[in-house]
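For our numbering, count along the sequence shown from 1 and bump the result up by 77.
Built from N, CA and C at the ideal position, the CB exists for glycine as well.
A short worksheet on the structure shown next.
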Amino acid sequence: MAVSGDDTIIGIDLGTTNSEVAIITGGKPTIVEDRGEAVLPSCVGLDDRGAVIVGRQARNQAEAAPERTVLSVKRLMGSGTRVRMGDGDYAPQEISAFILKALKERADRAVGREVRKAVITVPAYFTDVQRQATREAGEIAGLTVVRIINEPTAAALSYESGSTGRGTLLVYDLGGGTFDVSVVRVEEGVVEVLATAGDNRLGGDDFDALIVERLNAHIEKELGVEGARGDRLLQARLRRAAERAKIDLSDQPWVRVEEDHVATVDGAPAHLACELSRTEFESDLEPLLDRSLRAVTTALQDAAVRPSELDRVLLVGGSTRIPRIAAVLAERLGQEPHGEVDPDLCVALGAGVQAGIEMGRDMQAVLVDITPYTFGTSAAGELYGMPYAHQFFPLIRRNSKLPATRTEVFFTMFEDQEAVDVKVYQGEDPDALKNVEIGTFLFSGLNQQRDAHRQGLLFTYSLDLDGLLHVRARERATGREIRGVVENAIGRSTGEALGAARERVSTLWGGARGGEAGDAAAGRGGEPAPASAVPPDVVRGAEETLARAERALDAAPAEDREEMINLMEDLRGALKEGRAGQASELRRNLDEILFYVE
Ligand code: AMP
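Below, the structure is given as structure tokens:
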């Protein structure tokens, strides 16, 4: 359907947890942001004066005022159920209309005039009644719904442009509260959903609950607190902390969760401070991921498609940023999945592509920069079930969106081992020696502190848009680190380039320098590194405490004020110079004073 030039059509992803809107600019869909936020939480409420609020503001009051806040209304679409909000009751499509209206207004502002038409996405399994209810919601919001399209179709369109793409795709969509997997076929602009399966009660909220469970167990066992599970406010705090921790674990192998004053034990405040590892989280996650993999098998069987016949696997939904998910799908389906089109936004972007097609535009796919190779390191492990000294451990996987950063933990083989080679390989083979070695950095002076080997070494690879691969290795116990950079990491892949590659490996600072494995064994070289980086969660925590201290300073008694100023100065210094351990210690001291003065 071709329409006149100013008859703008917008693309909307009306999600269970979050919604987004895309408009067309220069033949490409773009997400409309509101004050820097692309995502609108799918949450509607009445504020304390009875005015309708939508999005983050409504979500923020959901814990405190559940009786006037509606979450996840999408689950009720087409059900005929009425939804209570404050003194009124509403049809689900009326509540959805508030969300659509908020999105429409974003688009109106971005386009500079009123928008009247939209493409809206729905899950592939939605019945006709549910689709009709979605259409009505659009109409209540003042939008003519020119097309309702399936979410996996939209995801495919964001990758395949719609007009030229072809192939069979598997779309694995794991969001905040729902999981869907679909097998779709794209042929000259026509996308067909061959099969769909899933679980509309599986998602990021369940993963948060796994972490909350660990935090509750810690509070009970380590702090000796009883009745924590019945404390609604505390549970809400733990859920927020758990989600933050989960998100951090997607990039880091460990996180520290700190919550002040979670209870009072024998008249004294009890603070929660515990560490969670990605390994622990992943083992909790396993049964849930298995459930999702069973649905993947069902969808493939129903579509009569073998894994080897899939041209692409697409990751959709915020929860697919958990690295374990791409890893299990790669193992199961034999190819690295794609997550380069932002998994939170790709359904809305695809709705935008469809909107552009409806407007008669020649649409391009959403192009993003990705790495065509996997980058990783080698370490002792297994190959084909046998112990092997050079197993390849991927850090930045093929198809990752650039810039990309990943940290993994490794351990020295022996307690008193003084040096390791941080090897950098490019390739896809589980045997590191069959990949291309593009850099080696010697990290020496290790394990000088007792038990340091137990805490391990953190390797961080950061690949930027210019193809520079920044490598950092940090001894966790001491915070000592080395840094290096491999230039032109993406450009090279041939054995011939190898020699030149080694030449181009340049050292930025610290004890990093090129070396062979033998050097590491002999443990020579390596200056002590001058500083360590402070993990983002420690920086965040310290900044929060500093802000609280600033606020409390004027009202604090004179004797505390002086100590607070000293601690604040020292803490700022520790952050600036990257002394993580000291920063945590100073923050604790400052928190203790704040507890009494606030
Ligand atoms: P969606 O419904 O697609 O917007 O997905 C929202 C879910 O994705 C929430 O449960 C988030 O906590 C989760 N999420 C967002 N970013 C990440 C991340 N980096 N790692 C793990 N989960 C994430």
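Using the three-state DSSP reduction, which class does residue i fall into: helix, strand or coil?
i	result
residue 602	Note that residue 602 scores 27 on pLDDT, short of 50, meaning its location in the model is unreliable; the coordinates nonetheless yield the value given after this. In this structure, residue 602 counts as coil in the three-state DSSP scheme.
residue 321	helix
residue 681	Outside the shown range of the chain, which is 78 to 675, sits residue 681, and nothing can be said about it.
residue 479	coil
residue 217	helix
residue 162	strand
residue 203	coil
residue 269	strand
residue 468	strand
residue 314	helix
residue 538	strand
residue 193	coil
residue 346	strand
residue 114	strand
residue 429	helix
residue 524	coil
residue 23	In this structure the chain extends from 78 to 675, so residue 23 is not present and cannot be described.
residue 634	coil
residue 172	helix
residue 650	helix
residue 417	coil
residue 494	coil
residue 624	helix
residue 303	coil
residue 382	coil
residue 288	helix
residue 107	strand
residue 20	The question about residue 20 has no answer here: the residues shown for the chain are numbered 78 through 675.
residue 565	coil
residue 456	strand
residue 549	strand
residue 93	coil
residue 249	strand
residue 438	coil
residue 411	coil
residue 282	helix
residue 259	strand
residue 451	coil
Can you find the residues in the same chain that come closer than 7 angstroms, C-beta to C-beta, to residue i, ignoring five residues on each side of it along the sequence?
i	result
residue 145	122, 123, 162, 163
residue 192	85, 87, 181, 184, 185
residue 208	199, 225
residue 252	92, 93, 94, 280, 281, 394, 395, 396
residue 629	671, 674, 675
residue 188	85, 100
residue 406	249, 390, 414
Given residue i, which residues of its chain have a CB within under 6 angstroms of its CB, disregarding the five upstream and five downstream residues?
i	result
residue 92	119
residue 295	351
residue 427	231, 232, 234, 235
residue 424	90, 198, 228, 231, 232
residue 401	359
residue 581	No answer about residue 581 holds up, because its pLDDT of 32 lies below 50 and its placement is not dependable.
residue 509	455, 467, 469, 502
residue 388	244, 245
For residue i, count neighbouring C-beta atoms within 10 Å of its own C-beta (all shown protein chains included) and say buried if the count is 16 or more, exposed if not.
i	result
residue 457	exposed
residue 576	Bear in mind that the predicted position of residue 576 carries a pLDDT of just 39, short of 50, making it unreliable; the figure below should be weighed with that in mind. So residue 576 ends up on the exposed side.
residue 449	exposed
residue 461	exposed
residue 106	buried
residue 459	exposed
residue 607	In this predicted model, residue 607 has a pLDDT of only 26, less than 50, meaning its place in the structure is not dependable enough to derive any value.
residue 433	buried
residue 356	exposed
residue 102	exposed
residue 385	exposed
residue 543	exposed
residue 134	exposed
residue 431	buried
Compute every distance between the C-beta of residue i and the non-hydrogen atoms of ligand 3, then say whether any falls below 8 angstroms.
i	result
residue 156	The ligand content of the structure shown is limited to ligand 1, which means ligand 3 is not among them.
Tell me which same chain residues have a C-beta within less than 8 angstroms of the C-beta of residue i, skipping the five on either side of it?
i	result
residue 221	193, 194, 195, 215
Segment contact, 8 angstroms Cβ cut-off, at least three pairs: the region 401–420 with the region 518–532: no
The region 292–309 in contact with the region 251–270 per 3-pair CB rule at 8 angstroms: With a cut-off of 8 angstroms, the region 251–270 and the region 292–309 do not count as touching, because too few Cβ pairs lie within range.
Inter-stretch contact (C-beta, 8 angstroms, three-pair minimum) for the region 332–352 and the region 365–381: no
Three CB pairs or more closer than 8 angstroms across the region 208–222 and the region 168–181: A contact exists between the region 208–222 and the region 168–181.
The region 517–525 contacting the region 466–476, beta-carbon criterion three pairs below 8 angstroms: no
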